[in-house]
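In UniProt numbering, the protein residues as written are 1 to 398.
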């Protein structure tokens, strides 16, 4: 009984508190939502701080790696320089044969240099001698012109009196000497350039590229009519064979520089090799094309000759064929008509033959004359019997 009373009291109390239970539950849910929101914000902040820390740590690691790499590179460079300096300081170990070879090479270079200088000096002397000869020749020409004018009396001076030579000023002599010196210097530079160019050509291009050589061309001339003044009606023919023109040997000063050689000299070794390879390939292609044209012409000539031979042989061996006599095939038998392997075409031919036979029969029957017994003289119109009406179908059935 006591327990039942206590249960009733509790049930009554719970019934009294039931209306206030709903707002308390909503408040608890709101508090839980606020707590979850706060935890969310806290987690986002923690994530941001972790990302910032990781990025900073990565940057620091990258910076440390770069610094360590730079330091390693610097140390390696210093170590290499130290090793090179040590190796440079060490004495060079050479055999007596190597020393003799080096000495011989130096001696050969000195000998070549002396020979080049001697050759240049000889060339300069020759050039100076030529300049002097030219100056003397010009002076002689001027003197000759002056004496000629005096002899002809153009300037009004008597031929017996000779004009005194013009006085030469010392400044003019100095100027002439200065001109000769500058010309000799320029000639020295030209000779030096010539030697350098020759060496470069001999090293890079070889014997094929020779500077200043003229291309030997043959002037081909055919038969040309030469008019004769005595006999205008007839025309004389004279055979002119190919002649080779006289080509004067060109020198460094008189030769025209080749644009191709100049372009090759300006190239590097790799570009020169590539250019020469392409040039060689193009030359081979041009030669093959030329050869293909010649072969095609030869084949065409052979084909034409074969055709003409065949035509001539056929004309010679041709005989007059006698036409066979026309034979009319019988209507019955194997020769009654042509036979065709195709059955449908054979049927068509048979139909055509039947139509032609029927047409011929109709034509012959149209021109036939009926016998006399079938012809009866017609009575006059008034004596003729009246025409009976046509019979009906019922009468015919009966």
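For every residue, glycine included, the Cβ atom is placed at its ideal position computed from N, Cα and C.
| Asked | Found |
| --- | --- |
| Where the alpha helix (DSSP H) through residue 106 begins and ends | 96–152 |
| Assigned exposure category for residue 264 - 16 Cβ within 10 Å defines buried | buried |
| Alpha-carbon spacing of residue 105 relative to residue 111, whole angstroms | 10 Å |
| Given 8 Å, three or more beta-carbon pairs between the region 115–130 and the region 185–192 | yes |
| Where residue 351 sits in the DSSP three-state scheme | helix |
| Spatial distance of residue 39 from residue 61 (CA atoms) | 32 Å |
| Presumed contact (8 Å Cβ cut-off) between residue 191 and residue 120, rounded CB distance | 5 Å |
| Distance, residue 115 Cα to residue 131 Cα | 24 Å |
| Among 70, 200, 101, 310, nearest to residue 269 - alpha-carbon criterion | 200 |
| Three-state secondary structure (DSSP) of residue 260 | helix |
| Residue 35 Cβ short of 7 Å to the ligand PLP heavy atom set | Here there are no bound small molecules, and the ligand PLP is not part of this structure. |
| Rounded C-alpha distance that separates residue 107 from residue 100 | 10 Å |
| Euclidean distance between Cα positions of residue 117 and residue 129 | 18 Å |
| Distance between residue 290 and residue 300 (C-alpha atoms, nearest Å) | 15 Å |
| Three-state class that DSSP yields for residue 92 in the structure shown | coil |
| Run of the alpha helix (DSSP H) containing residue 317, from where it starts to where it stops | 269–317 |
| Cα-Cα separation, residue 346 to residue 353 | 11 Å |
| Per-residue DSSP class, three states only, for residue 342 | coil |
| Close beta carbons around residue 229, own chain, < 8 Å, minus the five adjacent residues each side | Its pLDDT being 43, under 50, residue 229 is placed unreliably by the model, and nothing is read from it. |
| C-beta neighbour in chain C for residue 67, strict 8 Å | The chain labelled as chain C is not found in the depicted structure, where only one protein chain is given. |
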